[in-house]
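Presented below is the structure to which this report refers.
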Amino acid sequence: MFTEPEVAQPWELWIRATELHHFIGQNGMWLWPLFQTLHYFGLSLLLGTVGLFDLRLLGLGKAVAPATLHKFIPLGVAGFILNLLTGIWFFFGFPEQYFYNPSFQLLLTFVGIAGINVAVFYLTDAFREVKLMPPGADAPLRAKIIAGTSLSAWVAVLICGRLITFYRPPFFH
Amino acid sequence: MTPVEQAFDWLEHTDLSMWVRGDSMLAFPAILTVHVLGTGFLAGTSSVIALRILGFARQVPLGLLAKFYPILWVALAGNVVSGTLLLIGYPYKAFTNPLFYVKLTLIALAIYLVVKIRNDVLRDPQNGKQREETSMWKRARFLAGLSLASWMGTIAAGRFLAYTFTWLRVGVPGGF
Chain V
0 MFTEPEVAQP
10 WELWIRATEL
20 HHFIGQNGMW
30 LWPLFQTLHY
40 FGLSLLLGTV
50 GLFDLRLLGL
60 GKAVAPATLH
70 KFIPLGVAGF
80 ILNLLTGIWF
90 FFGFPEQYFY
100 NPSFQLLLTF
110 VGIAGINVAV
120 FYLTDAFREV
130 KLMPPGADAP
140 LRAKIIAGTS
150 LSAWVAVLIC
160 GRLITFYRPP
170 FFH
Chain Y
620 MTPVEQAFDW
630 LEHTDLSMWV
640 RGDSMLAFPA
650 ILTVHVLGTG
660 FLAGTSSVIA
670 LRILGFARQV
680 PLGLLAKFYP
690 ILWVALAGNV
700 VSGTLLLIGY
710 PYKAFTNPLF
720 YVKLTLIALA
730 IYLVVKIRND
740 VLRDPQNGKQ
750 REETSMWKRA
760 RFLAGLSLAS
770 WMGTIAAGRF
780 LAYTFTWLRV
790 GVPGGF
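Going line by line, the protein sequences match chains V and Y.
Positions 0 to 172 (this note's numbering) are the ones given, in order, by the first sequence.
Positions 620 to 795 (this note's numbering) are the ones given, in order, by the second sequence.
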């Protein structure tokens, strides 16, 4: 965890000099909740696809083959990209409020864990095993561990995101 | 104070209301967290079903999607409980904001559509690909589009509620 220094750092001064930062400052009052709405919709898509897939591997709705549910994953990726873009928008609006916020730092950590987990799933045989599972089949232990990690990591990302507002560092600059 | 304000003032001074508003980092942030998790699964799963009907991932058999409705009901229960607690914490803040009633209406519409889609589309034994151009299917797509719009509207109303309230509590102005 890094805390806010007394003097604004070069990266923060750079962001504060961008057009985007000024635009958000001038139009923030109505655009901010609008972008939050998109951010919430993005996380909903992620939970409604990746979360559902994880729950299936963990044993819920076994009648559906995981390969079938996997067809929805591109929607989850779209939700993640939407949240990355809206997240960058928020960051440019109030850079130090996020950068020095322990809840935001933890959020990025969990996104990183989720990302590594995704890589492990697709780069090992885990995905191939899961793709071959017929309807009703129980997932192998390895796939269950990966699904459990995925679900926990994304839920942790949501919790950290929702708590950002309660861990705002004080304004210095 | 008018009788209505007195009633809200009484509610705001109950132990439960004060617990929700309490300074502890437990109650209020935890309730908000449950509310966003529930929203994610409820709006997310419903939107994915709607997008499937609208033409995304056509390989997924529609009938199978009904299997995931228990997730919707668990998420809805979580949101009703957490939403009620938030309402008990700040009753005057919500009830004095017209947008709150818009949100309630949108939720009712969204839930109605989710049930309608399950009964009329997902459980229809003839929901195969062959009739995608029929009038039945056009109606299914209309329901799906409306479902998607009502969930986005619900989320938008929820987010704007945090920025448009004029009273925080009885006698305490709020807003930005």
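We put the beta carbon where it would ideally sit given N, CA and C, even for glycine.
Source: prediction; values computed, not measured.
- In the DSSP secondary-structure assignment, V734(Y) is not bridged to any residue.
- Look at R167(V) here: in three-state DSSP terms it is coil, with no helix or strand label.
- Beta-carbon to beta-carbon, L44(V) and A77(V) are separated by about 6 Å, close enough to satisfy the 8 Å threshold.
- For I158(V), the residues of chain Y that pass the 7 Å Cβ criterion are T652, in the order they occur in the chain.
- Unbroken alpha helix (DSSP H) stretches of 4 residues or longer found wholly inside the stretch 14-59 of chain V: 18-45 and 51-56, given in chain order.
- Judged by DSSP secondary structure, L683(Y) falls within the alpha helix (DSSP H) whose first and last residues are L681 to L684.
- The closest CA to that of W770(Y), considering only V791(Y), V700(Y), T703(Y) and V667(Y), is found on V667(Y).
- 7 Å or more divides the Cβ of T773(Y) from the Cβ of L732(Y).
- L691(Y) counts as buried, since no fewer than 16 other beta carbons sit within 10 angstroms of its beta carbon.
- Every alpha helix (DSSP H) of 4 residues or more that sits fully in the stretch 81-168 of chain V is shown, in chain order, as 94-98, 101-122, 125-130 and 140-162.
- If you draw a 10 Å sphere on the C-beta of D53(V), you find 16 or more other C-beta atoms in it, and that means buried.
- Fewer than three pairs of CB atoms, one per stretch, sit closer than 8 Å, so the stretch 653-672 of chain Y makes no contact with the stretch 100-118 of chain V.
- Of F784(Y), K686(Y) and L723(Y), the smallest CA-CA separation from N738(Y) is found for K686(Y).
- Within 7 Å of the CB of I707(Y), no CB atom of chain V is found; the nearest one sits about 19 Å away.
- Sorting E18(V), L51(V), L122(V) and I14(V) by C-alpha distance to the C-alpha of G147(V) places L51(V) at the top.
- Between the alpha carbons of A727(Y) and L673(Y) lies a distance of about 22 Å.
- Look at Y121(V): its C-beta is not under 7 Å from any C-beta on chain Y.
- Neighbours of G697(Y) across chain V, judged by C-beta separation under 9 Å, do not exist; the nearest C-beta is about 12 Å away.
- Annotated three-state conformation of R677(Y) is coil, per DSSP.
- G160(V) sits away from L122(V), with the two beta carbons spaced by 7 Å or more.
- In this chain, R742(Y) is not harboured by any alpha helix (DSSP H), its DSSP state being neither H nor E.
- Around K130(V), no beta-carbon contact reaches into chain Y at under 8 Å, the shortest distance being about 13 Å.
- Rounded to whole angstroms, the gap between the alpha carbons of H20(V) and F79(V) is 22 Å.
- With fewer than 16 other beta carbons inside 10 angstroms of its own, A118(V) counts as exposed.
- In the assembly as shown, R778(Y) is a buried residue. Its beta-carbon has 16 or more other beta-carbons within 10 Å.
- Counting the other CB atoms within 10 Å of its CB gives S149(V) a total of 16 or more, which places it among the buried residues.
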